[in-house]
Amino acid sequence: MPVFEFKGLTQEGKETRGLRDADSPRALRMLLRKEGIFLTDVSSKEKNTQSPSAAAGMLQREVKLGKIFKSKLSIDQLATLTRQLATLLAADVALVEALSALVDQAHEENIKRILSDVKQRVNEGASLANGLEAHKKDFGELYINMVHAGEHSGDLDAVLLRLAEFSEGQARLKQKIIATLTYPVIMAVMGILILSVLMTYVVPKVAKLFEDMHSALPLTTRILMSISNTFQNYWFIIFPTAALLVFAALKWTKSKSGQPIWHRWQLKLPLVGNLVRMVTVARFARTLSTLLKSGVPVLNALEIVQNVIPNSVISNVIKDVRESVREGESISAPLKRSGHFPPLVFHMIAVGERSGKLEEMLLSIAESYEQQSDIRIGSLTSILEPIIILAMGGVVFFVAVAVLQAMYALNTLVR
Numbered sequence: 014m015p016v017f018e019f020k021g022l023t024q025e026g027k028e029t030r031g032l033r034d035a036d037s038p039r040a041l042r043m044l045l046r047k048e049g050i051f052l053t054d055v056s057s058k059e060k061n062t063q064s065p066s067a068a069a070g071m072l073q074r075e076v077k078l079g080k081i082f083k084s085k086l087s088i089d090q091l092a093t094l095t096r097q098l099a100t101l102l103a104a105d106v107a108l109v110e111a112l113s114a115l116v117d118q119a120h121e122e123n124i125k126r127i128l129s130d131v132k133q134r135v136n137e138g139a140s141l142a143n144g145l146e147a148h149k150k151d152f153g154e155l156y157i158n159m160v161h162a163g164e165h166s167g168d169l170d171a172v173l174l175r176l177a178e179f180s181e182g183q184a185r186l187k188q189k190i191i192a193t194l195t196y197p198v199i200m201a202v203m204g205i206l207i208l209s210v211l212m213t214y215v216v217p218k219v220a221k222l223f224e225d226m227h228s229a230l231p232l233t234t235r236i237l238m239s240i241s242n243t244f245q246n247y248w249f250i251i252f253p254t255a256a257l258l259v260f261a262a263l264k265w266t267k268s269k270s271g272q273p274i275w276h277r278w279q280l281k282l283p284l285v286g287n288l289v290r291m292v293t294v295a296r297f298a299r300t301l302s303t304l305l306k307s308g309v310p311v312l313n314a315l316e317i318v319q320n321v322i323p324n325s326v327i328s329n330v331i332k333d334v335r336e337s338v339r340e341g342e343s344i345s346a347p348l349k350r351s352g353h354f355p356p357l358v359f360h361m362i363a364v365g366e367r368s369g370k371l372e373e374m375l376l377s378i379a380e381s382y383e384q385q386s387d388i389r390i391g392s393l394t395s396i397l398e399p400i401i402i403l404a405m406g407g408v409v410f411f412v413a414v415a416v417l418q419a420m421y422a423l424n425t426l427v428r
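Mapped onto this note's numbering, the consecutive letters of the sequence shown carry residue numbers 14 to 428.
The following block contains the structure:
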């Protein structure tokens, strides 16, 4: 059954829009009329003469165009949708009916578009994994491959539950990192604003008093005035240059030549390096465990893990592990040779391979390093706060000393 996008007016005269299944635009009009909605427009401009297949084709084109302008699914949205779908399937609700329920309860337009397109593909005979394949940027290779494995094993609801738990874990980690960085960013912005006010209004007024009295400024005040004058006279050069440098640095960190260097630096940075390694190891272990538990072959699982690891240095290590496993070697041996994984990790993986409990060992590694990451993130927050406060205090102290010295010298001149 085709899916139509419509616009209409309620009985109160309010504009409404949405997506709805119907055999034809005419059937859609009658359906909406029963709900008290007067249809004003559908996805097809030729509402009464266009065939259902043509209207569906136009909707598909609109969905594809909509994907360009609509933001992709967030981790939170993906986790929520996955858990809801898993719950419906576990309750023996048919897949198409479950997708219809998700479409009806979705409020965000981008989610409605994606789910409606997936539902239509499934309704036409495609598997859920094939339906999701058309929205690979939203769901990701890991998600689609696990759904594919779940459909083949007949255990889709259980696989979706694992995916929901995995996505929720990634969302929690992202929220912790954002919460850790929020306070330092706010403090830095406030410090810049306070410093800008002092440099723009306070310091120039103090300097003008000295100029009117034809007296020399103290050294600290002269230094402060020099900085203030530089910003006042060349702000149109300084700020664009700083923004351009930041933009160039970000582009460099994502380029083919710059990304490996930046990722190596990340692993060597004090305080941050160990945290990046812990988070990466935890993601490697949890992702591989989830894939293997879902029935994905080990070579395919390693390839997916390689693509979802954000650090290119560790990603290349996983690539080498995959090649070694293809040649008949174990997973633990190339991890040990790489020097990028802690001894505990490859020893536990070796034990898991020998005992046939690799998935459980990987899950234990993931939980252990996630706990360590949480502790390290908390420690990093406790270290960053006093550093930022001291830095801001140092700047404000220097400005205060420069202004007070100037005021004291001015007071001496008046006497």
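Backbone N, C-alpha and C define an ideal beta-carbon position, used for all residues, glycine too.
Predicted model, so just to flag it, every value in this text is computed and none were measured.
Exercise. Can you pull the DSSP bridge partners for Arg-175?
Worked result: Beta-bridge pairing links Arg-175 to no other residue.
Exercise. DSSP three-state call for Glu-380: helix, strand or coil?
Worked result: helix
Exercise. Using the C-alpha atoms, what's the distance from Leu-301 back to His-276?
Worked result: Here the alpha carbon of His-276 sits roughly 22 Å from the alpha carbon of Leu-301.
Problem set entry | DSSP-derived helix/strand/coil call for Gly-167 | coil
For this session: Could you say which of Ile-362, Asp-34, Ile-88 lies nearest to Gly-153 if we only look at CA atoms?
Result: Ile-88
Problem set entry | Nearest-angstrom Cβ-Cβ length linking Ala-142 and Glu-164, presumed shorter than 8 Å | Glu-164 and Ala-142 do touch by the CB rule: their CB atoms are close to 6 Å apart, below 8 Å.
Exercise. Among Val-202, Lys-264, Arg-39, Arg-126, which has the Cα closest to the Cα of Ala-404?
Worked result: Val-202
For this session: Might you give, ordered along the chain, the residues of its own chain that have their beta carbon closer than 6 Å to the beta carbon of Ala-415, omitting 5 neighbours on each side?
Result: Thr-233, Thr-234, Leu-237
Exercise. Can you give the beta carbon distance from Gln-418 to Pro-231, rounded, assuming they're within the 8 Å contact cut?
Worked result: The pair is a contact, with the Cβ atoms about 4 Å apart (cut-off 8 Å).
Problem set entry | the segment 354-364 contacting the segment 334-341, beta-carbon criterion three pairs below 8 Å | no
For this session: My understanding is that Thr-303 touches Arg-175, with C-beta atoms under 8 Å, so please give their C-beta distance in whole angstroms.
Result: The beta carbons of Thr-303 and Arg-175 sit about 5 Å from each other, so the pair counts as a contact at 8 Å.
Problem set entry | Neighbour flag for Met-159 against chain B, beta carbons, 8 Å | Structure shown: chain B not included; a single protein chain is present.
Exercise. Is the beta carbon of Ile-322 less than 8 Å from the beta carbon of Phe-359?
Worked result: no
For this session: Assign Val-198 to buried or exposed, taking buried as 16 or more other Cβ atoms, counted over all protein chains shown, within 10 Å of its Cβ.
Result: Exposed, because fewer than 16 other Cβ atoms sit within 10 Å of the Cβ of Val-198.
For this session: Kindly indicate which three-state DSSP category Gly-31 falls into: helix, strand or coil?
Result: strand
Exercise. In the DSSP assignment, what are the bridge partners of Phe-17?
Worked result: Arg-33
For this session: Determine the closest residue to Asn-313 out of Ile-124, Glu-48, Tyr-156, Thr-93, with distance taken between C-alpha atoms.
Result: Tyr-156
For this session: Enumerate in chain order the residues of its own chain whose CB-to-CB distance from Val-292 is below 6 Å, with the five nearest sequence positions on each side excluded.
Result: Ser-386
Exercise. Is the CB-CB distance between Ile-396 and Leu-284 below 8 Å?
Worked result: yes
Exercise. DSSP state of Val-160, grouped into three classes?
Worked result: If DSSP states are grouped into helix, strand and coil, Val-160 belongs with the helices.
Exercise. CB Leu-32 to CB Ser-129, shorter than 8 Å?
Worked result: yes
Exercise. For Val-215, which three-state DSSP category applies?
Worked result: helix
Problem set entry | Of the residues Gly-144, Tyr-196, Leu-94, the one placed nearest Ile-402, counting alpha carbons only | Tyr-196
Exercise. Using the C-alpha atoms, what's the distance from Ala-177 back to Asp-168?
Worked result: 14 Å
For this session: Look at the Cβ atom of Val-106, then the Cβ atom of Lys-132, and state whether they are nearer than 8 Å.
Result: no
Exercise. Per DSSP, Ile-362 forms a beta bridge with which residues?
Worked result: Paired residues: none, contrary to the question.
For this session: With DSSP as the reference, label Asp-105 as helix, strand or coil.
Result: coil
Exercise. Rounded to the nearest angstrom, how far is the Cβ of Leu-288 from that of Leu-393, given a contact under 8 Å?
Worked result: 7 Å
For this session: With a floor of 4 residues, list each alpha helix (DSSP H) that falls wholly inside the segment 296-336, ordered by position along the chain.
Result: 311-321
Problem set entry | Which listed residue (Phe-260, Ile-331, Met-420, Gln-90) has its alpha carbon closest to that of Phe-179 | Gln-90
For this session: Please confirm whether Pro-472 and Asp-333 have their CB atoms less than 8 Å apart.
Result: Limits of the chain in this structure are 14 at one end and 428 at the other, which puts residue 472 out of reach.
For this session: Provide the residue span of the alpha helix (DSSP H) that contains Glu-48, from first to last.
Result: Taken as a continuous stretch (DSSP letters only), Glu-48 belongs to no alpha helix (DSSP H), as it is neither H nor E.
Exercise. What do you get for Ala-413, buried or exposed, if any count of 16 or more other CB atoms within 10 angstroms of its CB means buried?
Worked result: exposed
Problem set entry | Assigned exposure category for Val-432 - 16 Cβ within 10 Å defines buried | One cannot answer for residue 432 here, as it falls past the ends of the chain, which runs 14 to 428.
Problem set entry | Ala-162 versus Glu-398: straight-line alpha-carbon distance, rounded | 46 Å
Exercise. Can you tell me the Cα-Cα spacing of Thr-243 and Met-159, whole angstroms?
Worked result: 58 Å
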